[in-house]
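Working notes, beginning with the structure itself.
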Amino acid sequence: MMVAAIGRTIRTPENLCPHCGYKLDACSVPFSLDSPSVGDLSVCIDCAGLLQFGKGLVVQALAQDVILDLMLTDPSTYAQLMQFQAAALAAKEGDR
Ligand SMILES: [Zn+2]
89 MMVAAIGRTI
99 RTPENLCPHC
109 GYKLDACSVP
119 FSLDSPSVGD
129 LSVCIDCAGL
139 LQFGKGLVVQ
149 ALAQDVILDL
159 MLTDPSTYAQ
169 LMQFQAAALA
179 AKEGDR
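Quick note: the sequence shown uses our numbering, first residue 89, plus one each step.
Rendered as structure tokens:
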């Protein structure tokens, strides 16, 4: 599969994007260390939906209250996440 060249690409257990159903078996991880861990944030490369890794590295839709909390408590991380989302959207535009 194609993975947008944003951030670092890391293989993950295969699962489906909760936003669009796209099959994800790799991800670009904006701010984890060596591999995604539970609670880490990501962006779907197909729909640019915000994701969070849950148990077993199954992605979940990033909850609105988590996004709000991030915005308030960690604005730089939030800004980075928004940058990744914009990059995912731009990459998708570039496919057309
Ligand atoms: Zn998606």
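The beta-carbon is built from N, C-alpha and C at its ideal position, and this holds for glycine as well.
Computed from a prediction, not measured in an experiment: that's the story for all the values here.
Backbone secondary structure at residue i - three-state DSSP
{"i": "Ala167", "result": "helix"}
{"i": "Leu63", "result": "In this structure the chain extends from 89 to 184, so residue 63 is not present and cannot be described."}
{"i": "Asp157", "result": "helix"}
Limits of the beta strand (DSSP E) - the one that residue i falls within
{"i": "Val131", "result": "129-131"}
{"i": "Leu138", "result": "138-141"}
Counted within 10 angstroms of its Cβ, other Cβ atoms place residue i as buried (16 or more) or exposed
{"i": "Leu160", "result": "exposed"}
{"i": "Gly142", "result": "exposed"}
{"i": "Met126", "result": "Here the sequence assigns Val to residue 126, which means Met is not the residue at that position. Val126 should be labelled exposed."}
{"i": "Ala167", "result": "exposed"}
{"i": "Cys108", "result": "exposed"}
{"i": "Ala174", "result": "exposed"}
{"i": "Gly137", "result": "buried"}
{"i": "Pro101", "result": "exposed"}
{"i": "Ala151", "result": "exposed"}
{"i": "Ser164", "result": "exposed"}
{"i": "Ala178", "result": "exposed"}
Identified DSSP bridge partners for residue i
{"i": "Lys111", "result": "Leu104"}
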